[in-house]
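There are 2 protein chains.
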Amino acid sequence: MIQCPRGTRDFLPDEMEKRRCYENILRGVAHTFGFREIETPIFEEAELFILRSGPNVLKELYNFKDKGDRELALRPEMTAPAIRLFVNNMSNEPKPIKIFYFGQCFRYERPQSGRYREFFQFGAEVIGSATPETDAEIIAMAASMIKALGLKDYKMRIGHIGVLRQKIADAGVPKERTAEVLQKLDKKMYDEARPLLESMDVASDVIDDIFKFTETVGDTSVLEEVPGEAGDYLRQVVRYLSAMGVDNVEIDLGVVRGLDYYTGMVFEAEAPALGAEKQICGGGSYTLSELFGGEKVFSTGFAVGFDRILLAMEKEGIVYQRKGIDAYVLLVTDDVRLKAFEIVSKLRAAGISADADIMGRKMAKSLKFASTVCARYAVIVGAKELEEDSVTLRDMHTGEQKAVKLEDLADTIKG
Amino acid sequence: MIQCPRGTRDFLPDEMEKRRCYENILRGVAHTFGFREIETPIFEEAELFILRSGPNVLKELYNFKDKGDRELALRPEMTAPAIRLFVNNMSNEPKPIKIFYFGQCFRYERPQSGRYREFFQFGAEVIGSATPETDAEIIAMAASMIKALGLKDYKMRIGHIGVLRQKIADAGVPKERTAEVLQKLDKKMYDEARPLLESMDVASDVIDDIFKFTETVGDTSVLEEVPGEAGDYLRQVVRYLSAMGVDNVEIDLGVVRGLDYYTGMVFEAEAPALGAEKQICGGGSYTLSELFGGEKVFSTGFAVGFDRILLAMEKEGIVYQRKGIDAYVLLVTDDVRLKAFEIVSKLRAAGISADADIMGRKMAKSLKFASTVCARYAVIVGAKELEEDSVTLRDMHTGEQKAVKLEDLADTIKG
Numbered sequence: 030m031i032q033c034p035r036g037t038r039d040f041l042p043d044e045m046e047k048r049r050c051y052e053n054i055l056r057g058v059a060h061t062f063g064f065r066e067i068e069t070p071i072f073e074e075a076e077l078f079i080l081r082s083g084p085n086v087l088k089e090l091y092n093f094k095d096k097g098d099r100e101l102a103l104r105p106e107m108t109a110p111a112i113r114l115f116v117n118n119m120s121n122e123p124k125p126i127k128i129f130y131f132g133q134c135f136r137y138e139r140p141q142s143g144r145y146r147e148f149f150q151f152g153a154e155v156i157g158s159a160t161p162e163t164d165a166e167i168i169a170m171a172a173s174m175i176k177a178l179g180l181k182d183y184k185m186r187i188g189h190i191g192v193l194r195q196k197i198a199d200a201g202v203p204k205e206r207t208a209e210v211l212q213k214l215d216k217k218m219y220d221e222a223r224p225l226l227e228s229m230d231v232a233s234d235v236i237d238d239i240f241k242f243t244e245t246v247g248d249t250s251v252l253e254e255v256p257g258e259a260g261d262y263l264r265q266v267v268r269y270l271s272a273m274g275v276d277n278v279e280i281d282l283g284v285v286r287g288l289d290y291y292t293g294m295v296f297e298a299e300a301p302a303l304g305a306e307k308q309i310c311g312g313g314s315y316t317l318s319e320l321f322g323g324e325k326v327f328s329t330g331f332a333v334g335f336d337r338i339l340l341a342m343e344k345e346g347i348v349y350q351r352k353g354i355d356a357y358v359l360l361v362t363d364d365v366r367l368k369a370f371e372i373v374s375k376l377r378a379a380g381i382s383a384d385a386d387i388m389g390r391k392m393a394k395s396l397k398f399a400s401t402v403c404a405r406y407a408v409i410v411g412a413k414e415l416e417e418d419s420v421t422l423r424d425m426h427t428g429e430q431k432a433v434k435l436e437d438l439a440d441t442i443k444g
Numbered sequence: 030m031i032q033c034p035r036g037t038r039d040f041l042p043d044e045m046e047k048r049r050c051y052e053n054i055l056r057g058v059a060h061t062f063g064f065r066e067i068e069t070p071i072f073e074e075a076e077l078f079i080l081r082s083g084p085n086v087l088k089e090l091y092n093f094k095d096k097g098d099r100e101l102a103l104r105p106e107m108t109a110p111a112i113r114l115f116v117n118n119m120s121n122e123p124k125p126i127k128i129f130y131f132g133q134c135f136r137y138e139r140p141q142s143g144r145y146r147e148f149f150q151f152g153a154e155v156i157g158s159a160t161p162e163t164d165a166e167i168i169a170m171a172a173s174m175i176k177a178l179g180l181k182d183y184k185m186r187i188g189h190i191g192v193l194r195q196k197i198a199d200a201g202v203p204k205e206r207t208a209e210v211l212q213k214l215d216k217k218m219y220d221e222a223r224p225l226l227e228s229m230d231v232a233s234d235v236i237d238d239i240f241k242f243t244e245t246v247g248d249t250s251v252l253e254e255v256p257g258e259a260g261d262y263l264r265q266v267v268r269y270l271s272a273m274g275v276d277n278v279e280i281d282l283g284v285v286r287g288l289d290y291y292t293g294m295v296f297e298a299e300a301p302a303l304g305a306e307k308q309i310c311g312g313g314s315y316t317l318s319e320l321f322g323g324e325k326v327f328s329t330g331f332a333v334g335f336d337r338i339l340l341a342m343e344k345e346g347i348v349y350q351r352k353g354i355d356a357y358v359l360l361v362t363d364d365v366r367l368k369a370f371e372i373v374s375k376l377r378a379a380g381i382s383a384d385a386d387i388m389g390r391k392m393a394k395s396l397k398f399a400s401t402v403c404a405r406y407a408v409i410v411g412a413k414e415l416e417e418d419s420v421t422l423r424d425m426h427t428g429e430q431k432a433v434k435l436e437d438l439a440d441t442i443k444g
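So the protein sequences, as listed, match chains A and B. Under this note's numbering, residues 30 to 444 are what the first sequence spells out, in order. Under this note's numbering, residues 30 to 444 are what the second sequence spells out, in order.
Written as structure tokens, this is what we have:
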């Protein structure tokens, strides 16, 4: 028996209905924030992702040559494709450009809880604006999305990678080794970061200063101790967030993010319920367009790990209620079968989800099937009632039955 | 500059908004018919598609080996994955199972008008039922979808491949050469079909009979001349269709479809406006599950070429009206900037799509940008008006302005 490939999933109707509902909640929030949707291809030239993330990304890519010998890769994320789309098609449009996207991404890695080879990302970018308001908008939207999904236990941490990078550069760390240092700081592994920095001849007091910076963690009041531009900038971001009703954020100047292209504010949201793989959302301000042949343009964006956030919701006991269909049409006797399809068809045309037996089942079996498909009503069609242009409408929850004229049926079901 | 790979497309916001709208119309029709959505992975084991379509399909597949040496392929269609999903996960569920899906498919072929390497398909399957009602449901849903999209000039043709296959087998055509013969008949190339059949020692009167059958074309009255089971069956299908208000169908016993797994009724819809690539929809009844290791189960399904049907709509002059945002918030002076974000935020929380300047623009420039994003209203925030807890609401179409209390703003915009 052929199975779906390792690390990928089939989504059955119950699961899919839930996912579409939550996906549309995210889409709805994006619309209220004035973002518009885009879509890019499932695969891109592999070069695009190497430019964004470095050649190491190849190890995790689904890359392949097509029949025309092009080196392609299934997208591992959608920021690079979105910025490529901007450079190719939208660079002359009025700024700011606010776009979002939702879809499959692919990473060849060992599947584990909440990590799949085919996974789903929701992301958004504001392109062409580099202001505290811009960053606040992005953080506020991320917060609104998490809230709209109903997740309760989560934490948002805001940092500023620009300052940290500057400090590390000023300390004399060679550019090509910055990532290595940031990685240790990201995980707060100071006992490993210290000998590493010492091996690069960084003085002890400079190391202390770097560590102290990344340990600046707390509510927004800790920003009072952060001097300079970055402090001013983040204070502004926080003021806008506060005006927008987003107060439950934490400042954590140790938020590092993985990638070279971040330039200023960075942020992450995590759901502690998920344990080791707790990050559900991350983003920040960056420039990428110049890497793809465009002009340098400042952007701020974020991505939500859709599978992870759903897992976090599940762990919080958030239950999705299946909608079911509105009406299932049953036949008392087989001679009204054609009439039943006429009725079903009229209900559907009125926007009602309706179904009828197509397998020649008798009434009792059909009634059972109506329960299986979670019908709200059963419409019982009998020859005698039809003589008076009526059917019997049965409320499937209460079991209550009443005669309804055919002409009133759609309205009665719609309530 | 990196472009999207040949034969793939970027969908910019205007195009994407339109596509999502039409996609959701299809989804809505499927729901009214009692179908539920599923989703399968973007890639599958290549074997799955070879089992469905034969080894020739490899020539058009995006197939590749993953890092674990699995032979994978991007899906070229979604019927095989849907039936695999059924065999793996749903074979014990109560029948009939009514499912639909929408997503990207991939075929390595020369891109041309309406044909892309990455294209979008909408499809539906009824699994586990083999009755005229089942086939009628599927045809009626396809017709409802085309109608719901607003396409006017299209033709639906219904045939029965079962009978034709039987006739060809009875004539002594070897099984492995059936496809070759059907291909000629599909294109009504009788002058090439005749020598081909003669070369297989098929008698002249038998050839005439086969040709006559495939030339049975016309309104449903031509079924009166079709004897036997197939005639009875299609007459039943047509009666159900008629009960469901679907009368504009043509009978064409020359409808062949390309694939081996069709067993009975087959149908196609075409939009003449598209010229040579005019087919927008096709399907029929089939069995596939036994090929994938399951029990033999009868199904009926169809797929809509989403890109093609959109192209047909475009050629008919159907224009999509961009929705735009509800409100754009403007500042009279910069000191009310924080307040503006508070207002924007409250509108968004009320479900209104709202935006404000994040680039430090002055009023006149912002008003222009409000037009760019097709705002219905401009909300003008001035220090003086704020003293009375008011803002000025400007209707962007009429230019009409009025003072509105902040507490009434959301309701006024919602109308």
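Virtual Cβ for every residue (Gly too), placed ideally from N, Cα, C. On a predicted model such as this, the values are computed, not experimentally measured, just so you know.
Residue i touches chain B at which residues, Cβ-Cβ below 7 Å?
i         : result
Ser158(A) : Ile387 and Met388
Val365(A) : Those do not exist, as Val365(A) stays about 11 Å from chain B at its closest Cβ, beyond 7 Å.
Phe93(A)  : Phe93
By Cβ distance, which residues of its chain are closer than 7 Å to residue i, with the 5 residues on each side in sequence left out?
i         : result
Met273(A) : Ala165 and Ala169
Tyr137(B) : Glu89, Leu90, Tyr91 and Arg146
Leu214(A) : Ala222, Thr243, Gly283 and Val285
Since residue i meets chain B, which of its residues come closer than 9 Å, beta carbon to beta carbon?
i         : result
Gly380(A) : Gly57 and Thr61
Glu74(A)  : Ile31, Gln32, Cys33 and Pro34
Give the residues of chain B in contact with residue i, contact being defined as C-beta atoms less than 8 Å apart.
i         : result
Arg49(A)  : Glu66
Ile128(A) : Pro42
Ser419(A) : Within 8 Å Cβ-Cβ: nothing; Ser419(A) doesn't reach chain B, min ~18 Å.
Using only the alpha-carbon positions, how far apart do residue i and residue j sit?
i         : j         : result
Tyr357(A) : Val267(A) : 53 Å
Thr160(B) : Ser82(A)  : 55 Å
Ile31(B)  : Leu114(A) : 9 Å
Leu80(B)  : Val361(A) : 43 Å
Ile354(A) : Ala102(A) : 41 Å
Ala332(B) : Tyr315(B) : 13 Å
Met119(B) : Cys33(A)  : 14 Å
Glu122(B) : Ile54(A)  : 30 Å
Gly323(B) : Leu320(A) : 50 Å
Asp39(A)  : Pro70(B)  : 7 Å
Arg377(B) : Ala383(B) : 6 Å
Gly293(A) : Leu438(B) : 35 Å
Leu303(A) : Ala379(B) : 31 Å
Spatial neighbours of residue i within its chain, please: CB distance less than 6 Å, with the 5 preceding and 5 following residues excluded, ordered by chain position.
i         : result
Phe62(B)  : Met170
Leu154(B) : Just to set this straight, residue 154(B) is Glu in the shown sequence, not Leu. Only Ala111, Ile128, Ser328 and Gly330 meet the Cβ criterion.
Asp199(B) : none
Cβ closer than 7 Å: which chain A residues qualify as neighbours of residue i?
i         : result
Ala101(B) : The identity of residue 101(B) in the sequence shown is Leu, whereas the question assumes Ala. The answer, in chain order, is Pro34.
Lys96(B)  : Tyr137
Gln133(B) : Ile71
By Cβ distance below 8 Å, which residues in the same chain neighbour residue i in space, the five residues on each side in sequence not counted?
i         : result
Glu46(A)  : Tyr349, Arg351 and Lys352
Lys431(A) : Thr421 and Leu422
Is residue i helix, strand or coil by DSSP?
i         : result
Met185(B) : strand
Ile381(B) : coil
Gln265(B) : helix
Leu55(B)  : helix
Thr441(A) : helix
Ile387(A) : coil
Leu103(B) : strand
Since residue i meets chain A, which of its residues come closer than 9 Å, beta carbon to beta carbon?
i         : result
Val116(B) : Met30 and Ile31
Could you list which residues in chain A have their beta carbon closer than 8 Å to that of residue i, in chain order?
i         : result
Ser374(B) : Ala169, Ala272, Met273 and Gly274
Legend entry - Cβ contact (3+ pairs, closer than 8 Å) linking the segment 274-284 of chain A and the segment 176-188 of chain A: yes
Inset, instruction - Mind the definition here: the segment 174-182 of chain A touches the segment 71-78 of chain A only if three or more C-beta pairs lie below 8 Å; say whether that holds. - result: No: the two stretches stay apart, fewer than three of their Cβ pairs being nearer than 8 Å.
Inset, instruction - Please confirm if the segment 255-265 of chain A is in contact with the segment 222-238 of chain A, defined as three or more CB-CB distances below 8 Å between the two stretches. - result: no
Legend entry - Stretch-stretch touch, CB-based, cutoff 8 Å, three pairs: the segment 197-205 of chain B with the segment 334-341 of chain B: no
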